[in-house]
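Heads up: the structure comes next, in structure tokens.
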Amino acid sequence: MTEQTTRESMQYDVVIVGAGVAGLSAAIRLKQLAAESGSDISVCVVEKGSEVGAHILSGAVFNPKALNELLPDWRERGAPLKQPVKGERLLFLTRQSALPLPLPPSFHNQGNYIISLGLLCRWLAEQAEGLGVEIYPGFAAAEVLYRADGSVKGIATGDMGIGKDGRPTDAYQPGMELWGRQTVFAEGCRGSLSEQLIAKFRLDRHSQPQTYGLGVKEIWEVRPEQSQPGKVMHTVGWPLDSHTYGGSFLYHLAENKVAVGFVVGLDYQNPYLSPFEEFQRFKTHPAIRPVFEGGRRIAYGARALVEGGLQSLPKLTFPGGVLVGDAAGFLNVPSIKGAHTAMKSAMLAAEAVFGVLQNGAAEEEGAEAAAYAEAFCQSWLHDELYRARNIRPAFKWGFWPAMGLNALDAYVFRGRAPWTISHHGSDRESLKPAAACRPIEYPKPDGQVSFDRASSVYLANTHHEENQPPHLKLASEQAAIEVGYRRFAAPETRYCPAGVYEIVQENGRPHLQIHAADCIHCKTCDIKDPAANITWTCPEGGGGPNYGEM
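In terms of my numbering, the sequence shown is residues 521 to 1070.
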């Protein structure tokens, strides 16, 4: 048995947590600014996935607006933007029919590309490394480090080789402390360290509660006659009822591949609802099923989306660091796009952070990159989110009232209505007791276009070291049964898209069994549990899904 040892440390000018589009864009912009000024700064990026892109999941139709600013010669550099959007449709589904709807302005995709966001991240990592950025995949940022004055000093990566009993095993390796004059948190939606920082510094005290959705996605290889490269289609309506926010996307890539996904707002009320089952049922619709019949499902994944928009953005800076991308909540919900907004937020943050470094003030007490917030307010990013601010919260009144209000906002006021609609409140508080709701009977999967969770999780290529402390922390077994099971009929057994949670009987009494090894890091349990009883924490670095080209 190896004795636990003191962690070693490394000093950088900037430490970045997360190698998604936001973190990598911040790294690239920092190095560009250093080169332009004739100076040099040290930048490192830590990524909990086994490789860059392993945990990246998005639709994705990509707006290259921010990329044009960051790397104007991206075409010559070989960026993986190969399939331009060539056609768009929006359908309203009933159980048996599909009615075309006019495309709202937010759905217009001329000049955009259907891409794999994971491949884009790998390419951005190559560009960053070419500029001298150090990238460390397989290392989970597990702890925020603080200076004596309370400002953020950096992060510590998680220890490796800790057994289930919390004791070091023979494979034990202590984590590393990475100290930064400034630290950029780009963890994505519901980042565990970002949430701690928001709470510690009360960054959300002047914003509305954040709200989320769950996106479930598959990649298919379809029959050649069903392939229409460049086609984009979205649907609303069936199988969801008029009080549940959500809809689908189908994006046709090259080589007979189709990305299909379904998003359900996590403010849904019926605890019997299962986003995974709604997605599987959606694919059986008469207008959708023919696309996939005779095809082959080749990938699966799921991820929470941050949907609060402008009203829910926290304060972006704190002593010693900044929040960027989906860690802060920059998703443009009505256009279902967050990559270009994440990139732009990271570029603005990098410019502000670089200014702090150049002024030599980064290690002074209370030093903040305050120019970041001001730059955001003056940017096209703020204008874009401002115009979109009323779309999502209007759905708290139901589908049809929201459609009317959104049409008024988009076509009459062009996003500048003289009002701002408030969100509904906390997603976990939106669940009604099971006794007040009707159970939903979902059809059994047919194994042709609809499938079960077990076969789906297999396609997510998820893996966790079995002998490690559970990363899904249950605060109270009693609350899991008395509140979750008895009052809300164990909604975690349905909202989890990986089947991690199961109610089993032990000695005639119900018990919540957690299969943490199957977790695909979607973060839904951390958001939706009605008793706030489940906390998602980082498992050992390198664990989780490996999404490949998702």
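All C-beta atoms in this analysis are idealised placements derived from N, C-alpha and C, irrespective of residue type, glycine included.
Endpoints, beta strand (DSSP E) assigned at residue i
i, result
"Cys709", "Premise fails: Cys709 is in no beta strand (DSSP E) and is neither H nor E."
"Thr608", "Looking at the sequence itself, residue 608 is Glu, so the reference to Thr does not match. Unbroken beta strand (DSSP E) run through Glu608: Gly607 to Leu613."
"Val977", "Element bounds for Val977: not the beta strand (DSSP E) but the alpha helix (DSSP H), Arg973 to Leu979."
"Gln531", "Ser529 to Val537"
"Lys737", "Tyr732 to Glu741"
"Arg701", "Glu697 to Phe705"
"Tyr692", "Pro688 to Gln693"
"Ala654", "Sequence check: residue 654 is Glu here, not Ala. Glu654 to Pro657 is the span of the beta strand (DSSP E), which, as asked, contains Glu654."
"Arg823", "Arg816 to Val826"
"Phe782", "Lys777 to Gly785"
"Val844", "Premise fails: Val844 is in no beta strand (DSSP E) and is neither H nor E."
"Pro620", "Ala618 to Pro620"
"Val811", "Not the beta strand (DSSP E): Val811 falls in the alpha helix (DSSP H), residues Arg809 to Phe812."
C-alpha gap between residue i and residue j, whole angstroms
i, j, result
"Asp533", "Leu591", "23 Å"
"Leu544", "Glu567", "10 Å"
"Ala980", "Gly1019", "13 Å"
"Ala995", "Ala954", "22 Å"
"Gly1063", "Thr982", "7 Å"
"Val563", "Cys1016", "36 Å"
"Gln988", "Ile682", "6 Å"
"Val842", "Ile548", "16 Å"
"Ile911", "Thr764", "14 Å"
"Gly829", "Arg909", "6 Å"
"Pro620", "Trp920", "16 Å"
"Ala546", "Val742", "37 Å"
"Ala1037", "Tyr978", "12 Å"
"Ser671", "Glu888", "9 Å"
"Lys835", "Ala893", "8 Å"
"Val541", "Asp903", "21 Å"
"Gly991", "His575", "This sequence places His at residue 991; Gly is not what is there. Approximately 16 Å between the Cα atoms of the pair."
"Phe971", "Leu833", "37 Å"
"Ile634", "Tyr771", "7 Å"
"Met521", "Gln531", "Because the pLDDT at Met521 is just 35, under 50, the model does not fix this residue reliably, and the value given afterwards should be weighed accordingly. Approximately 30 Å between the Cα atoms of the pair."
"Ala1051", "Gln728", "20 Å"
"His726", "Glu646", "38 Å"
"Phe896", "Phe769", "30 Å"
"Ile1021", "Ile1034", "Here residue 1021 turns out to be Tyr, not Ile, going by the sequence shown. Cα to Cα, the separation comes out at about 5 Å."
"Ser636", "Ser578", "8 Å"
Given residue i as reference, the closest of the options once Cα atoms are compared
i, options, result
"Ser942", "Phe915, Lys673 and Lys964", "Phe915"
"Glu745", "Asp761, Ala774 and Ala908", "Ala774"
"Ala618", "Val653, Pro749 and His754", "His754"
"Glu797", "Phe659, Thr1013 and Arg948", "Thr1013"
"Thr1057", "Pro1065, Ala542, Gly711 and Gly967", "Gly711"
"Arg701", "Ala927, Ala870 and Ala824", "Ala870"
"Ala555", "Gly650, Gly918, Ile856 and Thr677", "Gly650"
"Ala847", "His1035, Glu985, Ala706 and Val876", "Ala706"
"Leu613", "His805, Gly845, Glu1069 and Pro1030", "His805"
"Leu640", "Ala859, Asp593 and Ser529", "Ala859"
"Gly781", "Tyr788, Pro795, Asp787 and Pro791", "Pro795"
"Thr526", "Arg597, Gly678, Asp724 and Ser559", "Gly678"
"Leu698", "Ala676, Ala824 and Thr689", "Ala676"
"Val1003", "Cys1042, Lys952 and Cys1039", "Lys952"
"Gly785", "Phe896, Tyr906, Asp947 and Ala779", "Asp947"
"Gln693", "Val704, Met680 and Gly686", "Met680"
"Ile844", "Glu961, Trp939, Ala866 and Ala580", "A small correction: the amino acid at residue 844 is Val; Ile does not occupy that position in the sequence shown. With distances taken between Cα atoms, Val844 lies closest to Ala866."
"Gly492", "Ala824, Phe850 and Ile561", "Only positions 521 to 1070 of the chain appear in the structure, and residue 492 is not among them; the question remains open."
"Glu1069", "Gly821, Glu985, Arg801 and Glu654", "Gly821"
"Ala691", "Ala1000, Glu985, Lys1048 and His726", "Glu985"
"Gly935", "Tyr906, Ile960 and Pro791", "Tyr906"
"Leu877", "Ser559, Asp966, Val537 and Ala1010", "Ser559"
"Lys570", "Lys1048, Ile1023, Gly849 and Ile655", "In the sequence under discussion, the amino acid at residue 570 is Ser, which differs from the Lys named in the question. Selected option, being the one with the closest Cα: Ile655."
"Arg595", "Lys803, Val932 and Trp643", "Trp643"
"Asn629", "Ser747, Pro810, Ser762 and Ile856", "Ile856"
Beta carbon of residue i nearer than 7 Å to that of residue j
i, j, result
"Ala586", "Val565", "no"
"Arg615", "Trp758", "yes"
"Gly674", "Val535", "yes"
"Gly658", "Gly1061", "yes"
"Leu717", "Ala661", "no"
"Tyr1005", "Pro1030", "yes"
"Phe799", "Val969", "no"
Alpha helix (DSSP H) segment containing residue i, residue limits
i, result
"Thr861", "Ala859 to Gln878"
"Glu646", "Leu637 to Gly650"
"Ser855", "Unbroken run through Ser855: none, as it is neither H nor E."
"Val541", "Val541 to Ser557"
"Lys585", "Lys585 to Leu590"
"Tyr892", "Ala891 to Cys897"
Heavy atom of the ligand GTP within 6 Å of residue i beta-carbon
i, result
"Ala914", "The ligand GTP is absent from the structure shown, which contains no ligands of any kind."
Notebook entry, point to check: In the stretch 1015-1066, which residue ranges form an unbroken alpha helix (DSSP H) of at least 4 residues, counting only runs that do not cross its ends?
Noted result: 1044-1048
Next item on the list: Can you check the stretch 908-949 for any alpha helix (DSSP H) of at least 4 residues that lies completely inside it and give the ranges in chain order?
Entry: 919-927
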